[in-house]
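Below is one structure; the comments refer to it alone.
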Amino acid sequence: MMIVVLLYRDLLNGFVIEHQMFPVSMKRSFVRRVAVGGGAGRRNPAAKDTAWIIDRKPLEHLKKTLEAEELILVDSYQGVELLEGLVTNLFVVTKDNTVLTAPADKVLPGTMRQLAIDACQNAGLIVKEEAPRWASRKDWIAVFLTSVAKPCNFVKSLVPSDESIGGDSVVLDVSESVVTIISAAADALVLKN
């Protein structure tokens, strides 16, 4: 079990304690439903900023309303680019076995993200630090999320959070070969480190 505790001073309410608890699992898992959109990227993606816990509260509410297990932040400046989840990094595997993930200057470049990049490269996949575009979703064969609590989570479906995202939901029938390759490489790296 991983517990994150934040103590801060709120000028109106005095001291406030926020906490989150996550079960930690090394086994691969599947995420049933992930929502896309509803929020832009972090103000400071390069750091685990305590303001992020407060900033994401409305997004956590939206995620719950949409009955999603995660909400993916987007950059809509040049089309809808998928960045990262509220507590996860996002990876997309395309039909040509290229793995896309948003560049480090747009997301939290954490340890698990780097382990996933290394795992994919060690498995012979091409990794591009390029934000996946929602408009290209028909070329995706797999989507997975990484986090400290759950190193490798394969996504079964992605749904737009509202009309501004555009288009239909994506249902992924993740091939066992993709799951096996990425899971084995990720397990090896996580256990090694």
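Mapping the sequence shown onto this note's numbering, position 89 (from 1) lands on 90, and the numbers just tick up by one.
Using N, Cα and C, we set each Cβ at its ideal position, and we do this for glycine too.
Given the structure is predicted, the values throughout are model-derived calculations rather than measurements.
How long is the line joining the alpha carbons of A124 and G15, rounded to whole angstroms?
Cα-Cα distance, rounded: 51 Å.
Measure how close the beta-carbons of I73 and L91 come, nearest whole angstrom, since I'm counting them as under 8 Å.
Indeed they touch by this definition, with Cβ atoms about 6 Å apart.
Where does R114 sit, in a helix, a strand or coil, going by DSSP?
Note: R114 maps to helix in three-state DSSP.
Determine the DSSP secondary structure at E61, reduced to helix, strand or coil.
E61: helix per DSSP, three-state reduction.
Which residue comes first and which comes last in the beta strand (DSSP E) that contains W141?
Note, W141: beta strand (DSSP E), W141 to T147.
Would you call S77 buried or exposed, if buried means 16 or more other Cβ atoms sit within 10 Å of its Cβ?
The residue in question, S77, is exposed, as its Cβ has fewer than 16 Cβ neighbours within 10 Å.
Using 8 Å as the cut-off, can you tell me whether the segment 94-107 makes contact with the segment 131-151, which would need three or more C-beta pairs spanning the two stretches below that distance?
As far as the Cβ criterion goes, the segment 94-107 touches the segment 131-151, which means the pair count is three or higher.
With a CB to CB cut of under 7 Å and the five nearest residues on each side skipped, what residues in its chain are close to D53?
Inspection of the sequence shows that residue 53 is occupied by Trp rather than by Asp. Once the five neighbours on either side are set aside, the close Cβ partners of W53 are R43.
Among the residues of its own chain, which have a CB less than 6 Å from the CB of M27, if the five just before and after it don't count?
For M27, the pLDDT reaches just 48, beneath the cut-off of 50, and the residue's location in the model is therefore unreliable, leaving the point undetermined.
Please classify A162: is it buried, with 16 or more other beta-carbons within 10 angstroms of its beta-carbon, or exposed?
One point to set straight first is that residue 162 is Ser, not Ala, in the sequence displayed. That one is buried.
Looking at the unbroken beta strand (DSSP E) that takes in A150, where does it start and where does it end?
Neither: A150 is in no beta strand (DSSP E) and is coded neither H nor E.
Which residues does DSSP list as the beta-bridge partners of I73?
Its beta-bridge partners are V37 and G86.
Do K107 and L87 have their C-beta atoms closer together than 8 Å?
Result no, Cβ atoms of K107 and L87 do not sit closer than 8 Å.
Measuring straight from C-alpha to C-alpha, what distance separates R10 and G168?
Taking the straight line joining both Cα atoms gives about 42 Å.
Run through the DSSP bridge pairs and tell me what L101 is partnered with.
Its beta-bridge partners are V93 and K129.
Using only alpha-carbon positions, find the residue among A69, V75 and H62 that is nearest to E131.
It is V75.
Check the DSSP bridge columns for V171 and list the partner residues they point to.
Bridge partners of V171: L159.
With distances taken from CA atoms, which of V160, V172, I166 and L173 is nearest T66?
With distances taken between Cα atoms, T66 lies closest to V160.
Could you compute how far the alpha carbon of V17 sits from the alpha carbon of F155?
Spanning the two alpha carbons is a distance of roughly 35 Å.
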